[in-house]
Amino acid sequence: MLEELLKITENVKIAEPLSKHTTIKIGGNGDFLVIAQNSQEIVKLVTLAKERNQPLLIIGNGSNLLVSDEGIRGIVIKILNNKSTVSVDNQSITVFSGIMLSKLILWAVRNGYSGIEKLIGIPGTLGGAVVMNAGAMGREIGELVQWVEVLDMDNLQIYKLNKDELSFSYRKSSLQRKNLVVLEVNLLLGQENPELLQQRVKETLKIRKVNQRINYPNAGSIFKNPPNFSAGKLIEQVGLKGYRIGDAQISTKHGNFIVNLGKAKAVEVMELINLGRKEVFTNFGIKLEPEVKIVGGGLNLEEV
């Protein structure tokens, strides 16, 4: 398998600790971790995995991901390339899904393209952001998406899905329900003075720093906000803010973040997730839905 992977790209690692590839710094080894830097590599890697009946996990920056301590069997494809070029057609831009969202935003701001700047500070890739319809400061990425090019992992077909086929809603898209990999994204942006946009970016980062000053590795928001409620406030109201199991702790700064104080395990984070869901449901009758993606064995989301 190694020789076949190396024919596609040199960016292959064996028995790679996935803790190096998640922002919460947790996760066992992946049998093979391969970094895909363009659409062609993604297609070749997925095709190879399918031909060899290898289990397959697709990740981006690992910023909203909890990986099992047991690791991941088969092939992990990490889609990442910050040197991706941006194709421009008036106010429409097309770019590889593996670019970090923050890098794309800074490019847009420098070139006077508006609409995406409020998403600055979200730590994932563009593709990951689109799949989960990431948002901040009243803006969601799905509002800007015109179409995406995807690879269907079932039949290895490549095709485009238009905005009305993506069913964007709060932290959701149809891309989550299908066996699809996002290759390219097309966004429709506005145009404004770059200096005004740069000021807006500074203001947004300042607000995020005050509201989410998290000093330890974390996976971003653990739960989706229920309608008309803040998940973090609910966790705080049931007395779990600062609660700790091992080296995993519900942040003392924000109830919807779980931090790694040093050597936290995925099972400890999972215990905190289940405890938070149980306590909030018991006290308020509200079911918190995880925003973080949970992958691998030994991590079970308990019913409430």
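Residues 41 to 344 (our numbering) make up the sequence shown, in order. For each residue, glycine too, the CB sits at the ideal point set by N, CA and C.
Run through DSSP, which three-state label would residue i get?
{"i": "VAL344", "result": "coil"}
{"i": "GLU205", "result": "helix"}
{"i": "VAL250", "result": "helix"}
{"i": "MET193", "result": "coil"}
{"i": "THR370", "result": "Past the edges of the chain, shown from 41 to 344, lies residue 370, and the structure says nothing about it."}
{"i": "SER214", "result": "helix"}
{"i": "ILE359", "result": "A query on residue 359 cannot be resolved here, the shown segment of the chain reaching from 41 to 344 and no further."}
{"i": "LYS333", "result": "strand"}
{"i": "GLU81", "result": "helix"}
{"i": "VAL278", "result": "coil"}
{"i": "LEU237", "result": "helix"}
{"i": "ILE181", "result": "helix"}
{"i": "LEU106", "result": "strand"}
{"i": "LEU96", "result": "strand"}
Between the Cα of residue i and the Cα atoms of the options, which residue gives the shortest distance?
{"i": "LEU223", "options": "GLY168, PHE263 and PHE269", "result": "GLY168"}
{"i": "ILE156", "options": "LYS293, SER291, GLY230 and LYS305", "result": "GLY230"}
{"i": "PHE72", "options": "LEU46, VAL83 and GLN80", "result": "LEU46"}
{"i": "GLN238", "options": "VAL225, ASN202 and ALA148", "result": "ALA148"}
{"i": "THR244", "options": "GLY175, GLN277, ASN195 and ILE160", "result": "ILE160"}
{"i": "ALA55", "options": "ILE48, GLY67 and GLU44", "result": "GLY67"}
{"i": "ASN300", "options": "LYS293, ARG92, LYS84 and GLN289", "result": "GLN289"}
{"i": "ILE75", "options": "VAL320, PRO95 and LYS118", "result": "LYS118"}
{"i": "ARG284", "options": "ASN173, ALA271, GLY302 and PHE269", "result": "GLY302"}
{"i": "ILE133", "options": "LYS60, VAL116 and GLY152", "result": "GLY152"}
{"i": "LEU166", "options": "MET177, GLU180, PHE136 and SER154", "result": "PHE136"}
{"i": "ARG92", "options": "LEU328, MET140, ILE115 and PRO266", "result": "ILE115"}
{"i": "PRO234", "options": "TYR210, LEU146, ASN78 and ASN104", "result": "LEU146"}
{"i": "LEU236", "options": "PHE263, ASN323, GLY325 and SER154", "result": "SER154"}
{"i": "MET41", "options": "ILE247, LYS90 and ASP192", "result": "LYS90"}
{"i": "GLU18", "options": "SER108, TYR210, VAL171 and HIS61", "result": "With the chain running from 41 to 344 in the structure shown, residue 18 is simply not present."}
{"i": "VAL332", "options": "VAL170, ARG217 and PHE297", "result": "PHE297"}
{"i": "GLY325", "options": "ALA271, SER291 and MET310", "result": "ALA271"}
For the beta strand (DSSP E) holding residue i, just list the boundary residues, first then last.
{"i": "PHE269", "result": "Here PHE269 belongs to no beta strand (DSSP E), and DSSP marks it neither H nor E."}
{"i": "PHE136", "result": "132 to 136"}
{"i": "GLU56", "result": "52 to 57"}
{"i": "SER127", "result": "127 to 129"}
{"i": "GLY316", "result": "Taken as a continuous stretch (DSSP letters only), GLY316 belongs to no beta strand (DSSP E), being part of the alpha helix (DSSP H) at 306 to 324."}
{"i": "LYS47", "result": "Premise fails: LYS47 lies in the alpha helix (DSSP H), 42 to 48, not in any beta strand (DSSP E)."}
{"i": "GLY114", "result": "112 to 119"}
{"i": "GLY70", "result": "69 to 76"}
{"i": "ALA288", "result": "288 to 290"}
{"i": "ILE162", "result": "Run containing ILE162: none; DSSP gives neither H nor E here."}
{"i": "GLU224", "result": "220 to 228"}
{"i": "ASN300", "result": "298 to 300"}
From what residue to what residue does the alpha helix (DSSP H) around residue i run?
{"i": "ILE145", "result": "141 to 150"}
{"i": "LEU166", "result": "166 to 172"}
Give me the Cβ distance between residue i and residue j, rounded to the nearest whole Å; I'm assuming they're in contact under 8 Å.
{"i": "GLY286", "j": "ALA259", "result": "Not quite, the Cβ-Cβ distance comes to about 16 Å (not below 8 Å), so this is no contact."}
{"i": "LEU58", "j": "GLY100", "result": "About 13 Å separates the two Cβ atoms, so there is no contact after all."}
{"i": "LYS203", "j": "GLN186", "result": "6 Å"}
{"i": "LEU206", "j": "LEU215", "result": "7 Å"}
{"i": "VAL86", "j": "MET193", "result": "6 Å"}
{"i": "ASN173", "j": "ILE181", "result": "6 Å"}
Can a CB atom of chain C be found closer than 7 Å to the CB of residue i?
{"i": "MET172", "result": "Checking the listed chains, one finds no chain C in this structure; it contains a single protein chain."}
Any heavy atom of the ligand GTP within a distance shorter than 6 Å of the CB on residue i?
{"i": "MET310", "result": "Summarising the ligand content, the structure contains no ligands, and the ligand GTP is consequently not present."}
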